[in-house]
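Enquirer: Those protein sequences? They're chains Z and P, same order as listed. Going by my numbering, the residue at position 124 of the first sequence is 124; the numbering climbs one at a time, nothing skipped. When you read off a place in the second sequence, starting at 1, and then add 172, the result is the number in my numbering. Ideal Cβ positions, reconstructed from N, Cα and C, are used throughout, including at glycine.
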Amino acid sequence: MLRLFAKTFKTGIVTERIKTPDSAELETLGIEIKRHIDKHFSGSLAIREVDAGSCNGCELEIHAMNNPLYDAERYGIHFVASPRHADVLLVTGPVSRHMQTALLRTYEATPSPKWVVAVGDCAVCGGEFGGSYASCGAVANVIPVDMTIPGCPPTPETLLKALLGLMKGKGK
Amino acid sequence: MSATIAETTTDWSNALLSELETATIQIEKKQGAVPQWLIEADHWRTFAELAHKLDWRWAAGWAEQQAKTFLVNSCFAKQGEYIWLRTTLNGKKPQLPSQAMVYTGASRCERHTQDMFGIDFTDHPDSRRWIKHQAWPKNRYPLRKDFPLQGQPEDVSPSDTDYQFLRAKGTGVYEIPVGPVHAGIIEPGHFRFQAVGETVLNLEERLAYVHKGIEKLAEGRTPEQLLRLAGRISGDTTVAHSWAACRAMEQAAGINIPPRAAFIRGILCERERIANHLGDVGAICNDVGFAFAQMQFTRLREQWQRNQMNMFGHRLLMDCLVPGGVKQDLSNEQIASMEQELAELRSELDEIIPALDLNSSLEDRLFTAGFLSVKTATDFGALGYVGRASGQDFDVRRDTPYAPYDQINTKVVVEEQGDVASRVWVRIKEVFASIRLIAQMCQQLPEGDIVTAWQTPAGNSEGLGMVEGWRGEIISYVRFADNNTITRFYPRDPSTFNWLALEKIVLNNIVPDFPVCNKSVNGSYSGHDL
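Now the structure itself:
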């Protein structure tokens, strides 16, 4: 047990400061809805992540937002286990046809007001997989999308900045 | 430097040949990097029985449509030796005796082939559809040449409600359906549990939710385009899948990559192994509430990924390989900083690992949980750390060494304890082994080019590439048309077999231990579903 505490103290606090995006950055993220978000979710964002067909690359980087260097939770961004608890659906992947109904049901199960963020090139525009007999392509082809975060995959910093952009007065 | 796997027949294949002779089964042999044995379809099952008797492992199975016929392939392996078995089927009514009655591990590969090609495996123990849900109609087969890439999908593909799961009845037996959308940040799949009290009586997996048509998308691609796709079969295995696809394509084109490129590929692949092992060991500890390890390991993983960004331009190392070599060279300064990085990682681990080792609450949860016996692992052909924690002493890097592993010393960690703890310890030991391997590769890094110029392969040329990824052996098959484009691509991810093992691993464990059992295997959904 001593070793554990020794290592914890030696490691110290490694969490880094993240700057909230300025207005130019916000614009590139396409956040027209920021006003509404500020009104409804000030201070906290409950996210349900839905992999709708991703290669798992985006999931790895979404996970990384929770590591001690980014520590997304300090900003009130937290991941919840059910869409019924969520404000935001973070959707990755081209939507595989086998996940289409599941994604629609997840969307319906999320209480309003709700926002959908498409994460990664595949979710934004279909990416490497595009549309086919097996894939619906972009998330917007299946459910309404409010914000997109491109990248293959987007880095945790990009993700965090984009999500901070959704919130008011956090991370400054 | 593409490896010549078995130019001449060896004791193992001779023993198999003499068994075949006794059974009066004719084999036509074709020399190649992997020897190809052609056989009559009628003997398909008998061949498997003989191979099984001599302890060959069933390593992969896939099919292909020709003008008027279907080719069906199986790959068998023993002690690092591979045999590529092939038969030709009538295009009108393709039918073949199933090998899954002999090799349980073949079951899902055959169901995959059945759904994608409409090939009928007679006497298959489980002929329910597998990859197909409801996205395309019955009696239509996406990998047939007359099936267009876009298909004719409905506006909304309905959910797959009429799939027949195994049912259990009796006092106190209840069913728990989980997924496809899970509670964590993970890939989608469905798990159907039958439980009594807290104990799992049976688990049935229903996968293929992330089937994206990778095999169909590969058709008509150039080598570069195929690599982009191969790097996204499973995002956590981007290097190893790209490497396997490269080895198959380079074999088909008959080109050897420069020694320096092989070493850099080796460094990339070992880095990928370390990144994934670090993340997963932390996550497994987190699944039993040991947050210390989660915080420490995710911190190390993040630093590791940032260094990858600086050195190779991508945090997950995507698109670092090119046909014939690697995209980017390593400077002497980068080598020096990598050696420094390895020393730092080792000293961090030397402080963290003892804290895990001596923790009784961790021991209490991980030891004996999620047991996989040596016999079950052998039956399924379990791969990577899942196999190696259950006595499967096998590693492509050591047993069928390809450059750079033919020039360095690869030690393989094997245990027989078979529980979650054992899989964790095998992975921790593999991290240390990979640190040593990268250090060796840095020291021995040959001078020279990093790419061999690509040569258009002759029409119809084929390649079969094996690579030891972090999850285990990957086997990739490619065939070229005559204009430098791919006509068939099949990547076999190690998860194909390890998912089967998970159904057994979780038996008699408590339902709340499923996440930790699952994480200790960490099968790829995307790599399996294709």
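Below 8 Å on C-beta distance, what does E59 of chain Z contact in chain P?
Expert: Residue numbering aside, residue 59 of chain Z sits at position 59 when the first sequence is read from its first letter. Those are I357, I358, E359, G407, listed as they occur along chain P.
Enquirer: Using a Cβ cut-off of 9 Å, which residues of the stretch 146-168 of chain Z contact any Cβ in chain P, in chain order?
Expert: C152, P153, T155, P156
Enquirer: What in chain Z is Cβ-close to S331 of chain P, meaning under 9 Å?
Expert: As a first step, residue 331 of chain P is located in the second sequence; it is residue number 159 there, counting from the start. Those within 9 Å of S331 of chain P in chain Z are H98, Q100, T101, A102, R105.
Enquirer: Whole-angstrom Cβ separation of L90 of chain Z and E49 of chain Z, contact assumed at under 8 Å?
Expert: As a position in the first sequence, residue 90 of chain Z is number 90, starting the count at 1. As a position in the first sequence, residue 49 of chain Z is number 49, starting the count at 1. Contact holds; Cβ gap of about 5 Å.
Enquirer: Quick check on DSSP: helix, strand or coil for T196 of chain P?
Expert: In the second sequence, the residue the question calls residue 196 of chain P occupies position 24. Correct three-state label for T196 of chain P: coil.
Enquirer: In terms of residues, what are the limits of the alpha helix (DSSP H) holding L555 of chain P?
Expert: Here residue 555 of chain P corresponds to residue number 383 of the second sequence, with the count starting at 1. For L555 of chain P, no alpha helix (DSSP H) run applies, since DSSP gives it neither H nor E.
Enquirer: Where do the ends of the beta strand (DSSP E) carrying I456 of chain P lie?
Expert: Counting from 1 along the second sequence, the entry for residue 456 of chain P is found at position 284. Judged by DSSP secondary structure, I456 of chain P falls outside any beta strand (DSSP E) and instead within the alpha helix (DSSP H) spanning 431-459.
Enquirer: H63 of chain Z: which of Z:H98, Z:A162, Z:P156 sits nearest, CA to CA?
Expert: Taking the first sequence and counting its residues from 1, one reaches residue 63 of chain Z at position 63. Out of Z:H98, Z:A162, Z:P156, Z:P156 has the C-alpha closest to the C-alpha of H63 of chain Z.
Enquirer: Strictly below 9 Å CB to CB, what residues from chain Z border K388 of chain P?
Expert: What you label residue 388 of chain P is simply residue 216 of the second sequence in a count that begins at 1. What K388 of chain P touches in chain Z: S132, Y133, A134.
Enquirer: Does any CB atom of chain Z fall closer than 8 Å to the CB of T470 of chain P?
Expert: Residue mapping note: residue 470 of chain P aligns to position 298 of the second sequence, counting from 1. Chain Z, which has a Cβ nearer than 8 Å to the Cβ of T470 of chain P, makes this yes.
Enquirer: Using 8 Å as the limit for Cβ to Cβ distance, is P352 of chain P near chain Z?
Expert: Stepping through the second sequence from its first residue, residue 352 of chain P is reached at position 180. P352 of chain P has a beta carbon lying within less than 8 Å of a beta carbon in chain Z.
Enquirer: Kindly say whether W600 of chain P, judged by its beta-carbon, lies nearer than 8 Å to any beta-carbon of chain Z.
Expert: As a working note, residue 600 of chain P is residue 428 in the second sequence. Reading off the sequence shown, one finds Ile at residue 600 of chain P, where the question assumed Trp. With 8 Å as the cut-off, I600 of chain P does not count as an interface residue toward chain Z.
Enquirer: Where does N680 of chain P fall in DSSP's three states?
Expert: Translated into positions along the second sequence, residue 680 of chain P becomes position 508. Here N680 of chain P sits in coil by DSSP.
Enquirer: Are any of the Cβ atoms in chain Z nearer than 8 Å to that of W184 of chain P?
Expert: Stepping through the second sequence from its first residue, residue 184 of chain P is reached at position 12. It does not: the Cβ of W184 of chain P has no partner Cβ on chain Z nearer than 8 Å.
Enquirer: Can you tell which of Z:P94, Z:S82, Z:F79 has its C-alpha closest to the C-alpha of D121 of chain Z?
Expert: As a position in the first sequence, residue 121 of chain Z is number 121, starting the count at 1. With distances taken between CA atoms, D121 of chain Z lies nearest to Z:P94 out of Z:P94, Z:S82, Z:F79.
Enquirer: Output needed for G641 of chain P: all residues of its chain with C-beta closer than 6 Å, excluding positions within five of it in sequence on either side, in chain order.
Expert: Here residue 641 of chain P corresponds to residue number 469 of the second sequence, with the count starting at 1. T409, A412.
Enquirer: With A134 of chain Z and K384 of chain P assumed to form a contact (beta carbons below 8 Å), what rounded beta-carbon distance in angstroms separates them?
Expert: By 1-based counting over the first sequence, the position of residue 134 of chain Z is 134. By 1-based counting over the second sequence, the position of residue 384 of chain P is 212. Going by Cβ atoms, the distance from A134 of chain Z to K384 of chain P rounds to 5 Å, so yes, they are a contact pair.
Enquirer: R3 of chain Z touches chain C at which residues, Cβ-Cβ below 8 Å?
Expert: Of the protein chains in this structure, namely Z and P, none is chain C.
Enquirer: Would you say K7 of chain Z faces chain P, with C-beta separation under 8 Å as the test?
Expert: In the first sequence, counting from the first residue as 1, residue 7 of chain Z sits at position 7. Yes, K7 of chain Z lies at the interface with chain P (some Cβ there is under 8 Å from its Cβ).
Enquirer: H63 of chain Z touches chain P at which residues, Cβ-Cβ below 7 Å?
Expert: Counted from its first residue, the first sequence places residue 63 of chain Z at position 63. The contacting residues are I357.
Enquirer: When DSSP builds the beta bridges, which residues end up paired with T371 of chain P?
Expert: Within the second sequence, numbered from 1, the residue matching residue 371 of chain P stands at position 199. DSSP, once it has assigned bridges, lists P:V368, P:I682 as partnering T371 of chain P.
Enquirer: In the DSSP assignment, find the unbroken beta strand (DSSP E) run with V50 of chain Z in it and report its ends.
Expert: Residue 50 of chain Z sits at position 50 when you count from the first residue of the first sequence. Element bounds for V50 of chain Z: 45-51.
Enquirer: Which bits of chain Z does F464 of chain P rub up against, with CB to CB less than 7 Å?
Expert: By 1-based counting over the second sequence, the position of residue 464 of chain P is 292. L4, T8, listed in chain order.
Enquirer: Quick one: measure Cβ to Cβ for F661 of chain P and L398 of chain P, integer angstroms, because I've assumed they're closer than 8 Å.
Expert: Walking along the second sequence from the start, residue 661 of chain P turns up at place 489. Walking along the second sequence from the start, residue 398 of chain P turns up at place 226. F661 of chain P to L398 of chain P, Cβ: 6 Å. Contact.
Enquirer: Determine the DSSP secondary structure at H354 of chain P, reduced to helix, strand or coil.
Expert: Walking along the second sequence from the start, residue 354 of chain P turns up at place 182. Of the three classes helix, strand and coil, the one that applies to H354 of chain P here is coil, per DSSP.
Enquirer: So for A705 of chain P, helix, strand or coil by DSSP?
Expert: Missing from the structure shown is residue 705 of chain P; chain P here goes from 173 to 702 and no further.
Enquirer: Alpha carbon to alpha carbon, how far is P153 of chain Z from A425 of chain P? Give it in angstroms, no decimals.
Expert: Taking the second sequence and counting its residues from 1, one reaches residue 425 of chain P at position 253. Taking the first sequence and counting its residues from 1, one reaches residue 153 of chain Z at position 153. In a straight line, the C-alpha of A425 of chain P is about 31 Å away from that of P153 of chain Z.
Enquirer: Between the Cα of T294 of chain P and the Cα atoms of P:M273, P:R312, P:P309, which residue gives the shortest distance?
Expert: Position 122 of the second sequence, counted from the first residue, corresponds to residue 294 of chain P. Checked all of P:M273, P:R312, P:P309; the closest Cα to T294 of chain P is P:M273.
Enquirer: Using the DSSP secondary-structure output, state which residues sit across from Y662 of chain P in a beta bridge.
Expert: On the second sequence, position 490 is the one that residue 662 of chain P refers to. P:Y649, per the DSSP bridge assignment.
Enquirer: I need the boundaries of the beta strand (DSSP E) containing H486 of chain P, first residue and last residue.
Expert: The sequence position of residue 486 of chain P within the second sequence is 314, counting from 1. First-last for H486 of chain P: undefined, no H or E at that position.
Enquirer: Which value, in whole angstroms, describes the spacing of the CA atoms of H362 of chain P and R595 of chain P?
Expert: Against the second sequence, residue 362 of chain P aligns to sequence position 190. Against the second sequence, residue 595 of chain P aligns to sequence position 423. The straight-line gap from Cα to Cα measures roughly 24 Å.
Enquirer: Along the chain, where does the alpha helix (DSSP H) containing H78 of chain Z start, and where does it finish?
Expert: One-based indexing of the first sequence puts residue 78 of chain Z at position 78. Per DSSP, H78 of chain Z belongs to no alpha helix (DSSP H); it is in the beta strand (DSSP E), 77-79.
Enquirer: State yes or no: is the beta carbon of A123 of chain Z nearer than 8 Å to at least one beta carbon in chain P?
Expert: Mapped onto the first sequence, residue 123 of chain Z falls at position 123. So, not an interface residue.
Enquirer: Are there three or more Cβ pairs, one per stretch, closer than 8 Å when the stretch 432-452 of chain P is compared with the stretch 489-508 of chain P?
Expert: Segment contact: the stretch 432-452 of chain P against the stretch 489-508 of chain P, three or more CB-CB distances shorter than 8 Å; contact assigned.
Enquirer: Could you tell me the alpha carbon to alpha carbon distance between Q251 of chain P and Q238 of chain P, rounded to whole angstroms?
Expert: Position 79 of the second sequence, counted from the first residue, corresponds to residue 251 of chain P. Position 66 of the second sequence, counted from the first residue, corresponds to residue 238 of chain P. Distance between the alpha carbons of Q251 of chain P and Q238 of chain P: 32 Å.
Enquirer: Have a look at A625 of chain P and F539 of chain P and give me their C-alpha separation to the nearest angstrom.
Expert: Reading the second sequence from its first residue, position 453 is the one you call residue 625 of chain P. Reading the second sequence from its first residue, position 367 is the one you call residue 539 of chain P. Taken atom to atom, the span from the alpha-carbon of A625 of chain P to that of F539 of chain P is near 51 Å.
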